[in-house]
Amino acid sequence: MKRVTSSLGVALFLLAGNGVARGDRTAEPASAIALTEIATHGPSGPRDEFVELQNVSSEPQRLGDYRLEFAGADRRIVALPAFPEDFVLRPHGVYVLAGVDFSGPRKVVNQIIDDRIDIPEEFALQLTDLGGNTIDDCGTLPRPRWPWWPPRWPCPCPPAPWQSRVDLSITRHHITGDLARDYQLDFRTPGAVEWLPQDPVPA
1 MKRVTSSLGV ALFLLAGNGV ARGDRTAEPA SAIALTEIAT HGPSGPRDEF
51 VELQNVSSEP QRLGDYRLEF AGADRRIVAL PAFPEDFVLR PHGVYVLAGV
101 DFSGPRKVVN QIIDDRIDIP EEFALQLTDL GGNTIDDCGT LPRPRWPWWP
151 PRWPCPCPPA PWQSRVDLSI TRHHITGDLA RDYQLDFRTP GAVEWLPQDP
201 VPA
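In terms of the UniProt record's numbering, the sequence shown is residues 1 to 203.
This is how it looks when you write it as structure tokens:
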């Protein structure tokens, strides 16, 4: 597991661990695929962004069974590029969807670079299965009001340093349902394994 470099306690929305019902969508906390790192900007500018997923199970997983979508403050829902239908992600393997100015590293093996990946600083991101069920999600919007979120969610946006630091990402270290433990601001490492399910939960 990566060493945590910031304890700012980024307040993010991770609802997959609490089974919250969202209209006709139901969170499934035991999913094999999880969001593990998100950056909305980087050294090359606002399009140097990426979303990283990881197979957190001990079995190969077909990424074609999943979809990603996001929305900004305007509440307009945007679908991210579809994963290759027959692509199989090995156990603990990672996959990266990156913006057109992605700065690397160049050795990221599994990735899509697409101009449709344009995630705003304030965002809500969710991973769903083909049936539309929410598998995992997170975001930085202070008061999301879409059907799959509770009408009142108390988490604030990340601290100001997040938007001024091009070397940081929103990085997941665990899945516990405790937002302060699960996500931290940390150095960008797209394509690297962030954590494994057997990692101990920090005290």
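The beta-carbon is built from N, C-alpha and C at its ideal position, and this holds for glycine as well.
DSSP state of residue i mapped onto helix, strand, coil
i: Ser-164; result: helix
i: Leu-80; result: coil
i: Arg-152; result: Reliability fails at Arg-152, whose pLDDT of 34 lies under 50, so the model's placement of it is uncertain and no value is given.
Local Cβ density within 10 Å of residue i, reported as buried at 16 or more and exposed below that
i: Gly-132; result: exposed
i: Glu-85; result: exposed
i: Asp-136; result: buried
i: Ala-82; result: exposed
i: Asp-115; result: exposed
i: Ala-71; result: buried
i: Pro-105; result: exposed
i: Arg-188; result: buried
i: Ile-175; result: buried
i: Arg-172; result: buried
i: Asp-74; result: exposed
i: Pro-190; result: buried
i: Leu-97; result: buried
For residue j and residue i, the rounded distance between their alpha carbons
i: Gly-93; j: Asp-182; result: 19 Å
i: Asp-129; j: Arg-165; result: 33 Å
i: Asp-101; j: Ser-31; result: 31 Å
i: Gln-111; j: Val-88; result: 13 Å
i: Trp-148; j: Val-108; result: Legend: pLDDT at Trp-148 = 46, less than 50; position of this residue unreliable, value from coordinates given subsequently. Approximately 32 Å between the Cα atoms of the pair.
i: Ala-124; j: Cys-138; result: 6 Å
i: Glu-167; j: Val-78; result: The question names Glu, but residue 167 in the sequence shown is Asp. Each residue's alpha carbon lies about 26 Å from the other.
i: Ile-117; j: Gln-163; result: 18 Å
i: Ser-103; j: His-41; result: 10 Å
i: Tyr-66; j: Thr-134; result: 10 Å
i: Arg-76; j: Gly-64; result: 24 Å
i: Leu-185; j: Ile-113; result: 23 Å
i: Glu-52; j: Leu-80; result: 12 Å
i: Pro-156; j: Glu-122; result: Legend: pLDDT at Pro-156 = 39, less than 50; position of this residue unreliable, value from coordinates given subsequently. In a straight line, the C-alpha of Pro-156 is about 11 Å away from that of Glu-122.
i: Gln-54; j: Ile-33; result: 6 Å
i: Ala-35; j: Leu-127; result: According to the sequence displayed, residue 35 carries Leu and not Ala. Cα to Cα, Leu-35 sits roughly 8 Å from Leu-127.
i: Glu-69; j: Ser-169; result: 19 Å
i: Ile-119; j: Tyr-95; result: 17 Å
Closer than 6 Å: residue i CB and nearest the ligand FMN heavy atom
i: Val-193; result: Because no ligand of any kind appears in the structure shown, any question about the ligand FMN cannot be addressed here.
Next item on the list: Please determine if the stretch 41 to 48 and the stretch 58 to 71 are in contact, where contact requires at least 3 C-beta pairs separated by less than 8 Å.
Entry: In this structure the stretch 41 to 48 does not lie against the stretch 58 to 71, because fewer than three pairs of beta carbons, one per stretch, are closer than 8 Å.
Note to self: What ranges does the beta strand (DSSP E) occupy inside the UniProt domain "LTD" (24 to 143), keeping only unbroken runs of at least 3 residues that lie completely in it?
What the structure shows: When DSSP assignments are scanned along the UniProt domain "LTD" (24 to 143), the uninterrupted stretches of beta strand (DSSP E) that are 3 or more residues long and fall wholly within it turn out to be 33 to 39, 50 to 55, 66 to 71, 77 to 79, 94 to 98, 111 to 113, 124 to 129, 134 to 139.
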